[in-house]
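Enquirer:
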Amino acid sequence: MKQLVPALFVVGAIMALTGAAVFITGWFYAPYIYTIGAGLFALAQVNTPVKGKGKTLKRLRVQQIFGALALILTGAFMFTTRGNEWIACLTIAAILELYTAFRIPQEEEKEKS
Numbered sequence: 485m486k487q488l489v490p491a492l493f494v495v496g497a498i499m500a501l502t503g504a505a506v507f508i509t510g511w512f513y514a515p516y517i518y519t520i521g522a523g524l525f526a527l528a529q530v531n532t533p534v535k536g537k538g539k540t541l542k543r544l545r546v547q548q549i550f551g552a553l554a555l556i557l558t559g560a561f562m563f564t565t566r567g568n569e570w571i572a573c574l575t576i577a578a579i580l581e582l583y584t585a586f587r588i589p590q591e592e593e594k595e596k597s
């Protein structure tokens, strides 16, 4: 399990990035690649343990999981909408993921000391 989660992160991130970048060209398989990659990325995030029990850390963890679900929702928008609504959902997910990627290690370090 220790090696599986980082592998899911890497493979999922590469697939999601490739699918989102290639979607603009209109390639038929791009939403499938993105959605599978986002699913792998979300699966890895849900299975990543959190080192701490604080209230703030739990809130950040919920935000991180919400961001992962928004990444999967972006894939659904790629399939169902005609316009670029998926870009708005991807932006929200990216902001949540970026915020929690910096804040969770800070909070874990704060609880440690």
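Following this note's numbering, the numbering of the sequence shown begins with 485 at its first residue and continues without gaps.
By construction, the Cβ of each residue, glycine as well, lies at the ideal position given by its N, Cα and C atoms.
#1: Beta-carbon within less than 6 angstroms of residue 569's beta-carbon, same chain only, minus the 5 sequence neighbours each way: which residues are those?
#2: Could you check what DSSP says for residue 512 in three-state terms: helix, strand or coil?
#3: Cutting at 8 angstroms between CB atoms, please list the residues of its own chain near residue 495, excluding the five before and the five after it.
#4: State yes or no: is the C-beta of residue 528 within less than 7 angstroms of the C-beta of residue 492?
#5: What separation, rounded to the nearest whole angstrom, lies between the Cα atoms of residue 506 and residue 582?
Expert: Judging by the given coordinates:
#1: Result list for residue 569: 561, in chain order.
#2: coil
#3: Setting aside the 5 residues that flank it on each side, residue 495 is surrounded in the same chain by 521 and 524, each with a C-beta closer than 8 angstroms to its C-beta; the list follows chain order.
#4: yes
#5: 22 angstroms
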